[in-house]
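A.B. asks:
Numbering (UniProt numbering), first residue to last: 1 to 176.
1. Are there 16 or more other CB atoms within 10 angstroms of the CB of residue 11, so buried, or fewer, so exposed?
2. Can you list, in chain order, the residues of its chain whose CB lies under 7 angstroms from that of residue 212, leaving out five sequence neighbours each side?
3. Does the distance from the C-beta atom of residue 211 to that of residue 162 stay below 8 angstroms?
4. Is there contact between the region 136-155 and the region 65-81, where contact requires at least three CB pairs shorter than 8 angstroms?
5. Give the DSSP-derived three-state secondary structure of residue 167 in the structure shown.
6. Assuming residue 19 and residue 117 make a contact with CB atoms under 8 angstroms, what is their CB distance in whole Å?
7. For residue 179, write down the residues that DSSP places opposite it in a beta bridge.
8. Can you check the region 84-158 for any beta strand (DSSP E) of at least 3 residues that lies completely inside it and give the ranges in chain order?
9. Are the CB atoms of residue 80 and residue 60 nearer to each other than 8 angstroms?
10. Which residues mark the beginning and the end of the beta strand (DSSP E) in which residue 59 is found?
11. On a Cα-Cα basis, can you pick out the residue from 139, 66 and 26 that is closest to residue 50?
12. Within its chain, find whatever has a CB closer than 6 angstroms to the CB of residue 114; leave out the 5 residues flanking it on each side and keep chain order.
13. Rounded to a whole number of angstroms, what is the C-alpha to C-alpha distance between residue 88 and residue 104?
14. Suppose the cutoff is 6 angstroms on Cβ atoms and the five residues either side in sequence are ignored; what does the same chain contact list for residue 165 look like?
15. Excluding the 5 residues flanking residue 98 on each side, which residues of the same chain have their C-beta closer than 6 angstroms to its C-beta?
16. Between the Cα of residue 77 and the Cα atoms of 112, 64 and 128, which residue gives the shortest distance?
17. Just checking my contact of residue 62 with residue 170 at CB under 8 angstroms: how many whole Å lie between their CB atoms?
18. Measuring only the C-alpha atoms, how far is residue 2 from residue 35?
19. Considering only residues of the same chain and omitting the five flanking positions on each side of residue 83, which have a CB-CB separation below 6 angstroms?
Have a look at this one:
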């Protein structure tokens with residue numbers, strides 16, 4: 001904001017704070033704001049981009065990514081899920097929830113950039129969910145997943161990098 005309207009950083013903070021108090025801006029996180037009018041017109045893909053900004057690094061994954069690819073019948077309304085390497089965190093902004101789940105650095109792979117946001121491949125999104133589920137950190141709705149839309153050979157290849165507990169859980173799920 002300081003650069004856009006050519007004022008000092010301290011003045012920009014006061015400016016943003018006042019406009020937030022007046023309901024014209026929405027504070028997303030420290031030093032990140034959006035016009036309320038713009039917020040109300042955000043698309044699903046805009047929320048994916050925003051999710052990537054709210055927690056860096058992160059990528060859209062889990063049921064949100066599976067929904068994006070049409071692998072789940074679960075309808076995603078009012079919340080977005082991503083994995084990250086820093087910390088598990090839940091943010092709520094204007095009634096929209098952003099859930100970030102921490103995974104180990106060595107499991108932070110197999111995602112792509114689509115339309116300016118990062119998202120897991122469908123097989124990796126599934127395995128991220130199984131990984132968190134296997135450690136009791138995520139509820140996985142298996143009945144909503146269309147396993148025919150997942151490449152099981154690719155899942156087996158990706159699974160090699162996961163802990164033994166996750167491998168056992170995935171094999172059990174994929175057999176049933």
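We treat Cβ as the ideally placed atom computed from N, Cα and C, and that holds for glycine.
C.D. replies: Walking through what the data contain:
1. It is exposed - the Cβ of residue 11 has fewer than 16 other Cβ atoms within 10 Å.
2. No answer is possible for residue 212: the residues shown for the chain start at 1 and end at 176.
3. The question about residue 211 has no answer here: the residues shown for the chain are numbered 1 through 176.
4. Contact between the region 136-155 and the region 65-81 is present, because at least three Cβ pairs lie under 8 angstroms.
5. Three-state result, residue 167: helix.
6. In this structure residue 19 does not touch residue 117 by the C-beta definition: roughly 27 angstroms separates them, more than the 8 angstroms allowed.
7. Shown here, the chain extends from 1 to 176; a query on residue 179 therefore has no answer.
8. Complete beta strand (DSSP E) runs here, min 3: 89-93, 96-102, 111-114 and 117-120.
9. Yes; because the gap between Cβ atoms is below 8 angstroms, this pair is in contact.
10. Residues 58-60.
11. When the alpha-carbon of residue 50 is set against those of 139, 66 and 26, the nearest one is in 26.
12. Answer for residue 114: no residue qualifies.
13. Looking at the two C-alpha atoms, the distance is approximately 11 angstroms.
14. So the qualifying residues of the chain are 134.
15. Taken in chain order, the residues that qualify are 51, 54, 80 and 91.
16. The shortest C-alpha separation from residue 77 is found at 64.
17. For residue 62 against residue 170, the beta-carbon gap comes to about 14 angstroms, at or over 8 angstroms, which does not count as contact.
18. Confidence at residue 2 is low in this model, with a pLDDT of 46, below 50, so the placement of that residue should be treated as unreliable; the coordinate-derived value is given next. If you draw a straight line from the Cα of residue 2 to the Cα of residue 35, it is about 16 angstroms long.
19. Shown here for residue 83: same chain residues with a beta carbon closer than 6 angstroms to its own, the five before and five after excluded, namely 61, 101, 103 and 128 in chain order.
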